[in-house]
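Scroll down for the structure; my scribbles are underneath it.
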Amino acid sequence: MEIVYNLLLVLYLLIAAGLVYFVLAQEPKQTGGDILGGSSDLFQARGVTGGLYRITVVLGIAFVVLAWLLGRLPR
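For what it's worth, UniProt numbering labels the leading residue of the sequence shown as 1, then goes sequentially.
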């Protein structure tokens with residue numbers, strides 16, 4: 001069981017590194033109204049930005065699931 005735990009831990013660290021990379025690779029929104037809800041296209045990213053957004057969402061979900069799983073597994 002220790003091998004499975006270590007493999008999941010390595011996968012978790014790779015996902016964390018990928019998540020950091022893809023978050024930093026995204027272009028920031030330039031309008032200040034996004035914070036206050038002024039933009040309605042927040043979740044409608046297009047093109048390369050849309051792809052980066054989708055990858056970031058998938059990695060974020062995988063990160064949370066693996067964190068939960070690693071917390072539940074015995075060491």
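Just so you know, even glycine gets a beta-carbon here, dropped at the ideal spot from N, CA and C.
- In the displayed model, residue 75 falls within coil according to three-state DSSP, outside both helix and strand.
- DSSP places residue 27 outside both helix and strand once states are collapsed to three, so it counts as coil.
- The Cβ-Cβ distance between residue 5 and residue 67 does not fall below 8 Å.
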